[in-house]
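Asker: Got a structure here, written out as C-alpha cells. Questions coming.
In full-length UniProt numbering, the protein residues as written are 1 to 176.
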C-alpha cells in the first residue's frame, strides 16, 4: 500500500456550483489536485452501465473518462456515463473543462440528484488500470460506483471511480 492517503467526501461532488471539487479536496490536504480528460464521447453501454441507466446493452451512451492526479501522481480513473439524450450536444460529450463542473451543467439542464446509490468494492486491477494508475499487479483497487437519479427516479449519471490502493472513503449519515 502507498503511504499517500486521503479521505474522500462525496458531498462536494454532488452539489452544483462547486467547480473543481477534486482540486478543493486535494488542497485541503496540502496537495495539488488536477485531472486530465482521457475520453469524452459516445461508447456502447456495457451491461452494468446499461442496467444502471435503464437502456439496452450496446446502446450508445456518453462516457466522460478522467484521470485524477494528486501532486501529478495518478490516483483514480473516473468514468461518468450519461444517456445520449441528456449529454449529446453538451459539454459532457466534449473533451474540454466544463465551467462549474458536470454537476452544475446537469443541474442547469434540469437534472438534479434527488437520490444517490453508491456501492464500494475492492478487487484486483485490470491490466489497463495497472498501467494507467502505475500500480503493481498485486495492488488492489477500490471501485466506487454512483448512480444519480432525479426526484421522479430517472437515472441520469452512472459513475465508476477506480482508485489506487491506500484511499479512505468517509460516509456521514443522518440517523432517524
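Glycine residues also receive a C-beta, built at the ideal position from the N, C-alpha and C atoms.
If you drop the 5 nearest sequence neighbours on each side, which residues of the same chain put their C-beta closer than 6 Å to that of residue 139?
Answerer: Residue 139 sits at position 139 when you count from the first residue of the chain shown. Within the same chain, residue 139 has close Cβ partners 165.
Asker: Terminal residues of the continuous beta strand (DSSP E) containing residue 43?
Answerer: Against the chain shown, residue 43 aligns to sequence position 43. Taken as a continuous stretch (DSSP letters only), the beta strand (DSSP E) holding residue 43 covers 33–44.
Asker: Between residue 93 and residue 49, which are expected to be in contact by the criterion C-beta below 8 Å, what is the C-beta distance as a whole number of angstroms?
Answerer: Residue 93 sits at position 93 when you count from the first residue of the chain shown. Residue 49 sits at position 49 when you count from the first residue of the chain shown. Not quite, the Cβ-Cβ distance comes to about 15 Å (not below 8 Å), so this is no contact.
Asker: Residues in its own chain within less than 8 Å of residue 88 by CB, not counting five upstream and five downstream?
Answerer: For the purposes of this step, residue 88 is taken as the residue at position 88 of the chain shown. 42, 62, listed in sequence order.
Asker: Counting only beta-carbon atoms, is residue 144 nearer than 9 Å to chain D?
Answerer: The structure shown contains no chain D; it is built from a single protein chain.
Asker: Is residue 68 buried or exposed, if buried means 16 or more other CB atoms sit within 10 Å of its CB?
Answerer: As a position in the chain shown, residue 68 is number 68, starting the count at 1. Buried.
Asker: Is residue 144 near residue 155, with beta carbons less than 9 Å apart?
Answerer: Within the chain shown, numbered from 1, the residue matching residue 144 stands at position 144. Within the chain shown, numbered from 1, the residue matching residue 155 stands at position 155. Against a cut-off of 9 Å, the Cβ pair of residue 155 and residue 144 comes out as no contact.
Asker: Determine which residues share a DSSP beta bridge with residue 159 and list them.
Answerer: As a working mapping, residue 159 is identified with position 159 in the chain shown. DSSP lists 80, 146 as partners of residue 159.
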